[in-house]
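Quick note on this note's numbering: the sequence shown kicks off at 130 and runs consecutively.
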Amino acid sequence: MKSSGPQEGEVQAVDVLIVGSGLAGLSAALQLAPRHRVAVLTKESLGDGASAQAQGGIAAVLAESDSFDAHLQDTLVAGAGLSDPEATRFIVEGAPRCISWLESLGVPFTREGAALHLTREGGHSARRIVHATDATGAAVQQALVAQLRMTPGVQVFEQHMLLDLLTVPGGNGQRRCVGLRALDVATGIRRCFQASHTVLATGGAGQVYRHTTNPKAATGDGIAAATRAGCRVANMEFIQFHPTSLHHPQANSFLISEAVRGEGGLLRLPAQAGGERFMPAHDARAELAPRDIVSRAIDLEMKRHGLDCVELDISHLPPGQILAHFPNIHARCLALGLDITRTPIPVVPAAHYTCGGVRTDLHGRTDVAGLYAIGETACTGLHGANRLASNSLLECVVLAHAAAQDITRSSPIPGWEPELAVNDHVRGGDSAAVDWALLRRSLQAAMWEDVGIVRTTAGLARAAQRLAGLRRTLAQPEVDSTAHREAAELRNLVEVASLIVSAAQSRRESRGGHFNSDYAGAMLAA
Numbered sequence: 130m131k132s133s134g135p136q137e138g139e140v141q142a143v144d145v146l147i148v149g150s151g152l153a154g155l156s157a158a159l160q161l162a163p164r165h166r167v168a169v170l171t172k173e174s175l176g177d178g179a180s181a182q183a184q185g186g187i188a189a190v191l192a193e194s195d196s197f198d199a200h201l202q203d204t205l206v207a208g209a210g211l212s213d214p215e216a217t218r219f220i221v222e223g224a225p226r227c228i229s230w231l232e233s234l235g236v237p238f239t240r241e242g243a244a245l246h247l248t249r250e251g252g253h254s255a256r257r258i259v260h261a262t263d264a265t266g267a268a269v270q271q272a273l274v275a276q277l278r279m280t281p282g283v284q285v286f287e288q289h290m291l292l293d294l295l296t297v298p299g300g301n302g303q304r305r306c307v308g309l310r311a312l313d314v315a316t317g318i319r320r321c322f323q324a325s326h327t328v329l330a331t332g333g334a335g336q337v338y339r340h341t342t343n344p345k346a347a348t349g350d351g352i353a354a355a356t357r358a359g360c361r362v363a364n365m366e367f368i369q370f371h372p373t374s375l376h377h378p379q380a381n382s383f384l385i386s387e388a389v390r391g392e393g394g395l396l397r398l399p400a401q402a403g404g405e406r407f408m409p410a411h412d413a414r415a416e417l418a419p420r421d422i423v424s425r426a427i428d429l430e431m432k433r434h435g436l437d438c439v440e441l442d443i444s445h446l447p448p449g450q451i452l453a454h455f456p457n458i459h460a461r462c463l464a465l466g467l468d469i470t471r472t473p474i475p476v477v478p479a480a481h482y483t484c485g486g487v488r489t490d491l492h493g494r495t496d497v498a499g500l501y502a503i504g505e506t507a508c509t510g511l512h513g514a515n516r517l518a519s520n521s522l523l524e525c526v527v528l529a530h531a532a533a534q535d536i537t538r539s540s541p542i543p544g545w546e547p548e549l550a551v552n553d554h555v556r557g558g559d560s561a562a563v564d565w566a567l568l569r570r571s572l573q574a575a576m577w578e579d580v581g582i583v584r585t586t587a588g589l590a591r592a593a594q595r596l597a598g599l600r601r602t603l604a605q606p607e608v609d610s611t612a613h614r615e616a617a618e619l620r621n622l623v624e625v626a627s628l629i630v631s632a633a634q635s636r637r638e639s640r641g642g643h644f645n646s647d648y649a650g651a652m653l654a655a
């Protein structure tokens with residue numbers, strides 16, 4: 130299954146290229162492999178990425194007391210009026226089939242007797258979160274990777290980073306994607322891959338921020354490449370900040386699942402600030418309010434009291450219940466000297482999810498023929514201005530299946546252009562002297578300070594100026610921004626950060642995940 134990639138002068142030709150090996154990419158690969166030659170490219174190792182880190186679960190209407198209409202309404206409310214009702218219904222109604230499909234692959238969802246155990250998270254009016262204790266993403270990812278390893282017809286190219294999509298003129302003035310150019314991180318060779326259909330499943334862009342729950346690979350590669358190829362994006366200003374990442378010097382923004390609040394966890398000020406519970410003063414739903422509201426409340430309380438963090442307390446629950454529901458969170462915290470059965474968890478908000486992305490229809494199709502986008506890379510209209518908890522993994526599976534069905538129905542696209550098929554070694558030059566890590570930190574600082582949880586018009590203008598300076602650096606003739614992973618990632622981060630800032634400047638209101646204090650009076654939130 131694993132391949133070292135095309136050699137110098139060769140072009141790898143397959144039916145379908147899938148870029149990304151998270152839940153969306155692997156689901157699409159498994160759906161397509163029986164009938165197509167499939168290649169999966171992943172920047173790191175198979176199974177790495179944000180999907181494996183997801184703790185909470187997958188939202189699905191399975192209880193008799195629940196309904197599709199209720200799930201749809203909860204999603205529309207959380208999306209602050211910008212979720213697309215048609216897309217939301219399509220995805221919500223596809224949830225039970227997707228849960229059954231994942232179970233058929235051996236995903237060990239937590240059960241309560243004969244039935245699946247359903248938990249509740251913020252913004253949901255019912256218990257509808259299917260989960261595997263508090264490590265759902267890891268359980269799902271492991272099952273899909275195991276299935277993929279047993280599936281013939283799939284080649285996996287690890288340590289291959291998407292650089293650019295290759296397009297040619299198509300019909301009706303539309304460009305047509307015929308493959309892509311990728312960087313083999315291990316060898317420094319830039320390689321070409323040919324395909325009739327290309328699927329972008331590269332995840333989000335959390336690494337544009339200094340504090341994020343996203344893995345280091347989440348640099349918006351698919352969004353940036355699609356934009357350069359001529360695709361439209363939507364809703365890029367709506368960055369969801371997760372309210373509760375673990376605040377500890379060794380935690381690396383470890384996520385404390387929303388399910389902790391769903392099971393009764395309370396947000397409090399630290400003892401030195403009085404120790405009071407504060408969410409009821411901010412929203413009637415208290416700890417179960419949508420994430421944008423909880424994040425802003427924490428941000429406000431931290432600034433008001435001069436705090437580095439607040440506390441999430443679940444120690445009032447029986448220890449056995451905590452250990453049963455949150456074994457991984459308990460183990461991670463305990464390794465850092467925190468026993469969550471006895472003491473509160475120090476938490477801070479962190480950039481978590483890119484609600485916008487490449488505009489697609491409900492088959493995953495983009496503006497470029499033969500090019501699809503699914504998962505966090507895409508914007509179907511489901512999330513609107515703020516993602517409802519546990520709708521993301523659901524969207525990954527539903528749209529992966531929809532895209533695979535559309536590809537299977539489509540005819541192969543002929544017309545590979547040989548002149549595009551050039552494999553070359555990275556050349557040396559002045560770009561090697563650029564301090565890419567320093568530039569990346571500068572970008573992340575600008576975004577965190579001026580395009581974070583609370584924004585201002587002046588701050589957005591300041592961020593735009595700083596990004597323009599980074600663009601000038603990358604545009605210098607002697608700088609090769611595809612020379613190695615760090616350079617290519619910075620190019621994509623600047624591209625995506627610029628899209629976020631531009632969209633934020635255009636929105637003259639506060640809504641969902643975009644809060645501009647200059648327009649606080651025009652706030653539209655869940």
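Ideal Cβ positions, reconstructed from N, Cα and C, are used throughout, including at glycine.
For Gln450, which three-state DSSP category applies?
helix
Within 10 angstroms of the Cβ of Arg640, are there 16 or more other Cβ atoms? Answer buried if so, exposed if not.
buried
Cys484 - DSSP class collapsed to helix/strand/coil
coil
Distance CB(Ser386)-CB(Thr342) smaller than 8 Å
no
Of the residues Ala324, Gln270 and Ala498, which one's Cα is nearest the Cα of Gln182?
Gln270
Own chain partners of Ala533 with C-beta closer than 7 Å, once the 5 adjacent residues on each side are dropped
Ala157, Gln160 and Leu161
Can you tell me where the alpha helix (DSSP H) holding Ser229 begins and where it ends?
Ala224 to Ser233
Endpoints, alpha helix (DSSP H) assigned at Val630
Arg614 to Ser635
If you reduce the DSSP assignment to three classes, tell me which class Arg305 lands in.
strand
How long is the line joining the alpha carbons of Ser444 and Ala380, rounded to whole angstroms?
20 Å
Nearest candidate by alpha-carbon position, reference Leu152, set Ala388, Val206, Ser646 and Leu231:
Leu231
Same chain, Cβ closer than 7 Å to Glu83, neighbours up to 5 away in sequence not counted
Outside the shown range of the chain (130 to 655) lies residue 83, about which nothing can therefore be said.
Report the three-state DSSP secondary structure of Ile469 (helix, strand or coil).
coil
Residues in the same chain with beta-carbon distance under 7 Å from Asp589, minus the five sequence neighbours each way, listed in chain order, please.
The amino acid at residue 589 is misidentified as Asp; the sequence shows Leu. Excluding sequence neighbours, Leu589 sits near Asp579, Val580, Val630, Ala633 and Gln634.
Contiguous beta strand (DSSP E) assignments of at least 3 residues, all confined to the segment 250–333
283–287, 289–298, 304–313 and 318–329
Could you check the C-alpha separation between Val190 and Arg595 for me, to the nearest Å?
45 Å
What did DSSP end up calling Val527 once you bin it into helix, strand or coil?
helix
Provide the residue span of the alpha helix (DSSP H) that contains Gln202, from first to last.
Phe197 to Ala207
Nearest-angstrom Cα separation, counted from Ala324 out to Ala142:
6 Å
Rounded to whole angstroms, what's the CA-CA distance from Ala418 to Ser521? Just pull it up for me.
18 Å
When we look at the beta-carbon of Met365 and count the other beta-carbons within 10 Å, is it buried (16 or more) or exposed?
buried
Measure the C-alpha to C-alpha separation of Val497 and Thr506 and round it to an integer number of angstroms.
15 Å
Let's test the definition: count the other Cβ atoms within 10 Å of the Cβ of Leu517 and tell me whether it reaches 16, buried, or not, exposed.
buried
Any idea what DSSP makes of Leu572, helix, strand or coil?
helix
Comparing C-alpha positions only, which one of Glu250, Leu245, Cys306 and Gly393 sits nearest to Tyr501?
Cys306
Between His481 and Gln369, how many whole angstroms is the CB-CB distance? I'm expecting something under 8 Å.
5 Å
Would the beta-carbon of Val283 be found less than 7 Å away from any heavy atom of the ligand NAP?
Ligands displayed in this structure: none; no statement on the ligand NAP is therefore possible.
Quick one: Cα of Thr356 to Cα of Thr495, how far?
11 Å
Excluding the 5 residues flanking Gly359 on each side, which residues of the same chain have their C-beta closer than 8 Å to its C-beta?
Thr296, Arg304, Asp496 and Val497
Nearest to Ala388 by CA position, among Ile427, Leu273, Arg257 and His434, is which residue?
Arg257
Leaving out the 5 sequence neighbours to the left and right, which residues in its chain are closer than 6 Å to Val221 when beta-carbon positions are compared?
Phe197, His200 and Leu201
Considering Cα atoms alone, identify which of Leu441, Gly302 and Asp350 is closest to Leu312.
Asp350
Should Leu429 and Gly394 be called a contact, given that it needs their Cβ atoms to be closer than 8 Å?
no
Taking only three categories from DSSP, how would you classify His459?
helix
Identify, in the order they occur along the chain, each residue of the same chain with its Cβ nearer than 6 Å to the Cβ of Asp213, setting aside the five sequence neighbours on each side.
Gly510
When you compare the CB positions of Ala268 and Pro225, do they come within less than 8 Å of one another, or not?
no
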